[in-house]
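Here is the structure we will look at.
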Amino acid sequence: MRDVASAAGVSVATASRVLSGSSRLVAPQYASRVLEAAAALRYTADVSARAMRRKSDAIALVADDLTTPSIALVVAAMERQARTVDAFVTVSGTRGLPERQLETVRTLCGFWPRALVLTSSRITAGAVGGRLLDELLAYERRGGRVVIYGGIDVPFDSIRVDDRASARLLGAHLAATGHRRPVILAGSRERSFAAERTSGFVEGLLAGGVDVQDVRIVNCGVGRQGGFDATTALIADGLGDTDAVLAINDETAIGALAACRTAGIDVPGRVSVSGFDDIPLAADVTPRLTTVALPFASIGVRSIQLALTAGDERREAARETVVGTLVPGGSTAERTLRPR
Numbered sequence: 004m005r006d007v008a009s010a011a012g013v014s015v016a017t018a019s020r021v022l023s024g025s026s027r028l029v030a031p032q033y034a035s036r037v038l039e040a041a042a043a044l045r046y047t048a049d050v051s052a053r054a055m056r057r058k059s060d061a062i063a064l065v066a067d068d069l070t071t072p073s074i075a076l077v078v079a080a081m082e083r084q085a086r087t088v089d090a091f092v093t094v095s096g097t098r099g100l101p102e103r104q105l106e107t108v109r110t111l112c113g114f115w116p117r118a119l120v121l122t123s124s125r126i127t128a129g130a131v132g133g134r135l136l137d138e139l140l141a142y143e144r145r146g147g148r149v150v151i152y153g154g155i156d157v158p159f160d161s162i163r164v165d166d167r168a169s170a171r172l173l174g175a176h177l178a179a180t181g182h183r184r185p186v187i188l189a190g191s192r193e194r195s196f197a198a199e200r201t202s203g204f205v206e207g208l209l210a211g212g213v214d215v216q217d218v219r220i221v222n223c224g225v226g227r228q229g230g231f232d233a234t235t236a237l238i239a240d241g242l243g244d245t246d247a248v249l250a251i252n253d254e255t256a257i258g259a260l261a262a263c264r265t266a267g268i269d270v271p272g273r274v275s276v277s278g279f280d281d282i283p284l285a286a287d288v289t290p291r292l293t294t295v296a297l298p299f300a301s302i303g304v305r306s307i308q309l310a311l312t313a314g315d316e317r318r319e320a321a322r323e324t325v326v327g328t329l330v331p332g333g334s335t336a337e338r339t340l341r342p343r
């Protein structure tokens, strides 16, 4: 308890009130810090004793990666929505590691939050020998709620983005504007969302008349540096007939733009560049990125709404799917089709 209090920068008494479910009010910002510190230190409360007390006002978010602009938008919307019902959001990161997901969920369940929201593409029934699923099911049996933001095969309310269908829109748009020699910066093979987006890009391009043999797929780091390095390598090898670079997300696309600018490659005059997500920075770079907008704020709000739905108000797990919207920008330009 003392270690948790020290890490959170609060008194032991304050930490105790938060972790024991005391009826004495603790300011949300302090309660959030205590829960985050407890999760980081793997502090475990007595679950049976905790369950005898009232639920806390916390909604615990467990995310793969806390550093992305997209998760920041989701968290901000969750926090705003939670405040409307006098709750608050505490956040823990797991780096997408199943064992760490299990440890974090197990720890958080001991503090009896009102709900758990997990954002991950890796929540499966067989994860860590089924122990994560068992932990989540036990939490719901005790009256908690679980919501998953991501593609899952487990019996909880979920919101998923149809990355494949969303990416298909962008691929079709570039094909319709005359692009015939695209390169896809596909990110890491281990990331399921990246694989889905890559497949969608390819499907949209082929449906628009692009020859599959003219589509080049390059695996790279996801993020600005990954996009910069991959595009720099492409330029060094010679762009040849390449007329478009489709990046797996906006940050990677921004890296590609920077590499083109450094090398003196005109965008979109020489090559078009597109992203995915429509993070705020996509509208601030020059030229403005062509991208696919995902409704992150709406996803955050809906996650809280599902999380706070009373148990007797639902009969089976909700399955909600979101498709993105094409946002044409100045980073892509129409090409004149040349005879093959």
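Residue 4 is where the sequence shown starts when you use our numbering, and the numbers rise one by one after that. Even glycine gets a Cβ: it sits at the ideal position worked out from N, Cα and C.
- Judged by their CB atoms, Ser169 and Val330 are not nearer to each other than the 7 Å cut-off.
- When Cβ pairs closer than 8 Å are counted between the two stretches, the stretch 267-274 is seen not to touch the stretch 192-210, the count staying below three.
- Here the alpha carbon of His182 sits roughly 24 Å from the alpha carbon of Ile282.
- Per DSSP, reduced to three states, the secondary structure at Thr255 is helical.
- Counting along the chain, the unbroken alpha helix (DSSP H) around Ile74 starts and ends at Pro72 to Arg86.
- Ala141 and Ser301 have their C-alpha atoms roughly 29 Å apart.
- Inside the stretch 270-324, DSSP marks whole beta strand (DSSP E) runs of 3 or more residues at positions 275-277 and 294-296, from first to last along the chain.
- If the five residues before and after Val215 are omitted, its C-beta is found closer than 8 Å to the C-beta atoms of Val205 and Leu209, all from its own chain and listed in chain order.
- Look at Tyr46 here: in three-state DSSP terms it is coil, with no helix or strand label.
- Counting only unbroken stretches of 3 or more residues, the beta strand (DSSP E) elements lying wholly within the stretch 185-262 are 185-190, 219-222 and 247-250, in sequence order.
- Here Asp156 is exposed, its C-beta having fewer than 16 other C-beta atoms within 10 Å.
- In this structure, Arg273 keeps its C-beta atom at 7 Å or more from the C-beta atom of Gly333.
- One thing to note: Gln104 has its Cβ within 7 Å of the Cβ of Leu135.
- Ranking Asp240, Asp217 and Ser191 by CA distance to the CA of Ala250 puts Ser191 first.
- Residue burial annotation: Val88 is exposed, with fewer than 16 other C-beta atoms found within 10 angstroms of its C-beta.
- In its chain, beyond the 5 residues on either side, Ala259 and Ala262 have a beta carbon closer than 6 Å to the beta carbon of Thr234.
- Contact between Ala321 and Ile62 does not hold, since the beta-carbon distance rounds to 17 Å and is not under 8 Å.
- Contact between Asp253 and Thr294 holds, with the beta-carbon distance rounding to 6 Å and staying under 8 Å.
- Counting along the chain, the unbroken beta strand (DSSP E) around Leu329 starts and ends at Thr328 to Val330.
- DSSP places Ser334 in the coil class of the three-state scheme, outside both helix and strand.
- In the DSSP annotation of this structure, the continuous segment of the alpha helix (DSSP H) that includes Ser169 starts and ends at Asp166 to Ala179.
- Short of 6 Å from the beta carbon of Glu323, and not among the five residues preceding or following it, lie these beta carbons of its own chain, in chain order: Ile162.
- Assignment of Val15 by DSSP, reduced to helix, strand and coil, places it in the helix class.
- The alpha carbon of Arg171 has as its nearest neighbour, out of Ser202, Glu193 and Arg338, the alpha carbon of Ser202.
- Shown here, Arg163 sits in a strand according to DSSP, grouped into three states.
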